[in-house]
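Asker: This structure is in C-alpha cells; I'll ask about it shortly.
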Amino acid sequence: MTTIMYLVLLVLVVPTTAACLYLLALTLLSGALPAPLPSGRRLRFDVIVPAHNEAVVIERSVSSFLQIDWPRDQFRLLVIADNCEDETARLARAAGAEVLERFDASRRGKGYALEFAFQASKESGWADAVVVVDADTVVSANLLEAFAARLESGAEAVQAHYGVLNPHGSWRTRLMTIALAAFHTLRSRARERLHLSCGIRGNGWCVSHRLLSGVPYNAFSLTEDLEYGIDLGLAGYRVHYAGEASADAEMVTTEEAARSQRQRWEGGRMALVRSRAMTLLKAAFRPRGLVCLDLELDLLVPPLSYLALAVAAFLAIAGSGALAGVLSLYWLWLASACGACLLLYVLRGWWLSGVGPAGLLDLARAPLFVLWKVLLTRRPRIPGEWVRTKREPS
C-alpha cells in the first residue's frame, strides 16, 4: 500500500504543485494596470461579427456595437451571416450593420467565417485593423479607443476584457463569472505586467492588418482563439491586454446548454494540447522565448475543476498516509500549500468578478460542478464544426 501511495504521489505532486505555484504567481501580480495614453483617434477598424443562426440576439448586439465611442466614419460593422438558416442577415441589416453572407457546406465553423471576413477586409484596403466580437455580445463604448491606444504605441494584437453579460442568471453563470474573472482578468493582468501575451480569448480581440499579412489566420479548430493566439506567440508577437474595455457575452443557464458548451471548449483545448504543446516547448528555448514558455504553461495548466480534483486527491492521500504513519508530514504540508494557492486564486477571481456574496455562497456548489464535469468527459464529443450554443431570449 505504501508503494502505491508513493507512485500516486509521484504522478500527482510535480504537475499539481507546478500548476498551483504558477497560479499563485499570477494571483500576486494581478493588481490593476496603469491606464494607457489617449489615442489620436485616427485608425480605422472593421468590427467583424461572425454569426450562425443568431436571430435571437443579433439586433441587440448590433445596437451595442453602433454605440461605440469612435468617429462613425472610421469603423465599419460587418456581420458575417455564416451558413444561416434563420433571419440573422435580414435583422442585422435592418439594425444598421453591413452583412456578408457565406454559404459553404464543407468548411463550417467560426474559424472559416473569420478567415472569410479577414480576406474581405483585406481586399477592401480600407481598415487598419480588424476587431472580432461575438454575436451575443454587448461591448463597452471605449472598445475601439482601448485598441487604438495600444496599436498606436506599437502593439499589433490586443485583447479586451471578456466578461459575462448575465452573471446573476443562475448559480451556474455566477460560477462561470468567477472562473472567467480568474482566467481572463487575473491571468491577463499578470501577463501584461510581465510583458507576456495574454492570448486571444475568442471575443473582443483586435489585430492589425499588418500582423494578419505576416501571420495569416489559419485557425479552424474548436478553440480557434487559443490556436491563433499560440500562432502569434510562435511568430514572436504578444497579445496586449486592454482591461479597461470589455466585451460581455451571455453564459448559458441550463444544464443541457452548458454541457454542450463545455464539451466543445474542453475537447478543443485537449486537441490543442496534443498538437501544440511540443512546438511551444521547443520555441521556449529560443531567443525571446518567454512568451512561448508562458503560453505553454497556460495551455498545460488543467481547467480549474480538474486541478481542484487533483489537489483534493493529493490532500486525501497525504493525510491518510500521515495518519497511518507511512508518509512524512512533509507531503501533507505540501498538499495543504497547494490547496492554499488554489484557494487564493479562486478568491481573487471571485473578488475581480464583482458577483458579491451570492457568488461566494455559490462556491459551495463547486464540488457538484467538478463532479458534473468529470462525468461530462465520459460522454461523446461534439463534431468539429460550428455548433451554436442555444440562446436564451432576454
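Under the numbering used here, the letters of the sequence shown match residues 1 to 394, in that order. Backbone N, C-alpha and C define an ideal beta-carbon position, used for all residues, glycine too. Being a predicted model, the structure only gives us computed values, none of them experimental.
(1) Let's test the definition: count the other Cβ atoms within 10 Å of the Cβ of Asn203 and tell me whether it reaches 16, buried, or not, exposed.
(2) Under 8 Å Cβ to Cβ from Val301, same chain only, skipping five residues before and after it: list those, please.
(3) If you reduce the DSSP assignment to three classes, tell me which class Gly243 lands in.
(4) State the Cα-Cα distance for the pair Arg187 and Ala160, rounded to the nearest angstrom.
(5) State yes or no: is the C-beta of Val239 within less than 7 Å of the C-beta of Cys198?
(6) Comparing alpha-carbon positions, which option in Leu323, Phe314, Leu327 and Ala35 lies nearest Ser153?
(7) Using a Cβ-Cβ cut-off of 6 Å (strictly less than) and excluding sequence neighbours within five positions of Asn218, which residues of its own chain qualify?
(8) Within 8 Å, do at least three Cβ pairs link the region 275–291 to the region 309–320?
(9) For Ser395, which option in Tyr345, Gly243, Cys292 and Gly289 has the closest C-alpha, if you only look at C-alpha atoms?
(10) Going by C-alpha distance, which of Asn166, Arg286, Thr137 and Ile200 is nearest Leu66?
(11) Can you tell me which residues form a DSSP beta bridge with Ser208?
(12) So the candidates are Glu87, Ala190, Val355 and Leu299; which of them puts its Cα closest to the Cα of Glu59?
(13) Return the Cβ separation of Ala94 and Arg102 in integer angstroms, given the expectation that the two are a contact with Cβ distance under 8 Å.
(14) According to DSSP, simplified to helix, strand and coil, what is Ile395?
(15) Flag this pair as yes or no: are the beta carbons of Val273 and Leu293 separated by less than 7 Å?
(16) Are the beta-carbon atoms of Ile80 and Pro50 separated by less than 7 Å?
(17) Using the C-alpha atoms, what's the distance from Leu33 back to Leu78?
(18) Going straight from the alpha carbon of Pro71 to that of Ser305, what length do you get?
(19) Could you give the uninterrupted runs of the alpha helix (DSSP H) lying entirely in the region 135–180, keeping only those of 4 residues or more?
(20) According to the Cβ coordinates, are Gly349 and Ala182 closer than 7 Å?
Answerer: Reading from the atomic positions:
(1) Locating residue 203 in the sequence shown gives position 203, counting from the first residue. Looking at its Cβ environment, which holds 16 or more other Cβ atoms inside 10 Å, Asn203 is buried.
(2) Here residue 301 corresponds to residue number 301 of the sequence shown, with the count starting at 1. Taken in chain order, the residues that qualify are Ala19, Tyr22, Leu23 and Leu307.
(3) Position 243 of the sequence shown, counting from 1, holds the residue named residue 243. Note: Gly243 maps to strand in three-state DSSP.
(4) Here the question's residue 187 lines up with position 187 in the sequence shown. Here the question's residue 160 lines up with position 160 in the sequence shown. Taking the straight line from one Cα to the other gives about 13 Å.
(5) Numbered from its first residue, the sequence shown carries residue 239 at position 239. Numbered from its first residue, the sequence shown carries residue 198 at position 198. Closer than 7 Å, so yes.
(6) Here residue 153 refers to the residue found at position 153 when the sequence shown is read from its first residue. When only C-alpha atoms are compared, the closest one is Ala35.
(7) Along the sequence shown, read from residue 1 onward, the residue named residue 218 stands at position 218. A distance below 6 Å between beta-carbons, with the five flanking residues on each side excluded, links Asn218 to no residue of its chain.
(8) Contact between the region 309–320 and the region 275–291 is absent: fewer than three C-beta pairs spanning the two stretches fall below 8 Å.
(9) Nothing in the structure corresponds to residue 395, since the chain is present only between 1 and 394.
(10) On the sequence shown, residue 66 is found 66 positions in, with the first residue counted as 1. Measuring from the Cα of Leu66, the nearest candidate turns out to be Thr137.
(11) Looking up residue 208 in the sequence shown gives position 208. Note: Ser208 sits in a beta bridge opposite Ala129.
(12) Numbered from its first residue, the sequence shown carries residue 59 at position 59. Ranking Glu87, Ala190, Val355 and Leu299 by Cα distance to Glu59 puts Glu87 first.
(13) In the sequence shown, the residue the question calls residue 94 occupies position 94. In the sequence shown, the residue the question calls residue 102 occupies position 102. Under the criterion of beta carbons closer than 8 Å, Ala94 and Arg102 do not qualify as touching, at roughly 19 Å.
(14) Nothing about residue 395 can be read from this structure; the chain reaches only from 1 to 394.
(15) Taking the sequence shown and counting its residues from 1, one reaches residue 273 at position 273. Taking the sequence shown and counting its residues from 1, one reaches residue 293 at position 293. Their beta carbons are not under 7 Å apart, which means Val273 does not touch Leu293 by this criterion.
(16) Here the question's residue 80 lines up with position 80 in the sequence shown. Here the question's residue 50 lines up with position 50 in the sequence shown. For the 7 Å CB-CB criterion, Ile80 and Pro50 form a contact.
(17) Taking the sequence shown and counting its residues from 1, the one referred to as residue 78 is at position 78. Taking the sequence shown and counting its residues from 1, the one referred to as residue 33 is at position 33. Near 31 Å, if we compare the C-alpha coordinates of Leu33 and Leu78.
(18) In the sequence shown, the residue the question calls residue 71 occupies position 71. In the sequence shown, the residue the question calls residue 305 occupies position 305. Near 44 Å, if we compare the C-alpha coordinates of Ser305 and Pro71.
(19) List check, alpha helix (DSSP H) in window: 143–152 and 171–180.
(20) Here residue 349 is taken as the residue at index 349 of the sequence shown, counted from 1. Here residue 182 is taken as the residue at index 182 of the sequence shown, counted from 1. Taking 7 Å as the Cβ cut-off, Gly349 and Ala182 qualify as a contacting pair.
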